[in-house]
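In my numbering, the protein residues as written are 19 to 142. Here's the structure we're looking at; comments come further down.
Written as structure tokens, this is what we have:
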């Protein structure tokens with residue numbers, strides 16, 4: 019029977035948990051603020067990790083803050099994780115939450131504007 023999770027998936031989950039903690043309690047850069055780590059993808063050779071994040075506002079400033087803190091975050095991950103090499107961190111803004119919110123708003127508007135063809139009590 020094959021394993022359900024590969025090593026890179028397990029490491030990605032562990033990196034996600036640790037980064038969420040580090041971003042919340044350790045990073046002092048005011049540009050970072052409230053950031054949610056939505057997903058982490060680790061390459062097969064464990065050399066690179068894409069960190070997908072979402073934030074309420076100011077994505078350009080947050081991106082700069084995260085890129086500036088990447089070395090510090092990688093050092094802290096090396097202390098917390100039992101890995102021979104810690105992957106380089108690449109931060110990517112996750113637009114899926116924004117798209118989902120936009121689609122939900124469109125659906126709500128369509129339902130609100132939908133007028134029933136036959137009103138209750140009308141006979142055909």
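Even glycine gets a Cβ: it sits at the ideal position worked out from N, Cα and C.
What is the DSSP secondary structure of residue i, reduced to helix, strand or coil?
i           : result
residue 23  : coil
residue 85  : helix
residue 119 : helix
residue 44  : coil
Taking just the CA atoms, how far does residue j sit from residue i?
i           : j           : result
residue 110 : residue 68  : 7 angstroms
residue 25  : residue 37  : 18 angstroms
residue 82  : residue 49  : 8 angstroms
residue 92  : residue 41  : 12 angstroms
residue 90  : residue 84  : 10 angstroms
residue 128 : residue 121 : 10 angstroms
residue 126 : residue 94  : 44 angstroms
residue 123 : residue 75  : 18 angstroms
residue 35  : residue 103 : 18 angstroms
residue 39  : residue 115 : 21 angstroms
Against chain D, does residue i count as a neighbour if the rule is that its beta carbon must be under 8 angstroms from one of theirs?
i           : result
residue 131 : Absent from the structure is chain D; it holds one protein chain and no more.
Flag this pair as yes or no: are the beta carbons of residue i and residue j separated by less than 8 angstroms?
i          : j           : result
residue 43 : residue 112 : no
residue 58 : residue 87  : no
residue 78 : residue 52  : no
residue 60 : residue 33  : yes
List the residues that DSSP assigns as beta-bridge partners of residue i.
i           : result
residue 110 : 70
residue 60  : 67
residue 55  : 71
Give a yes or no on contact between the segment 62-77 and the segment 101-109, applying the rule of three or more CB pairs nearer than 8 angstroms. yes
Quick one: any contact between the segment 96-104 and the segment 28-36, if contact means 3 or more CB pairs under 8 angstroms? yes
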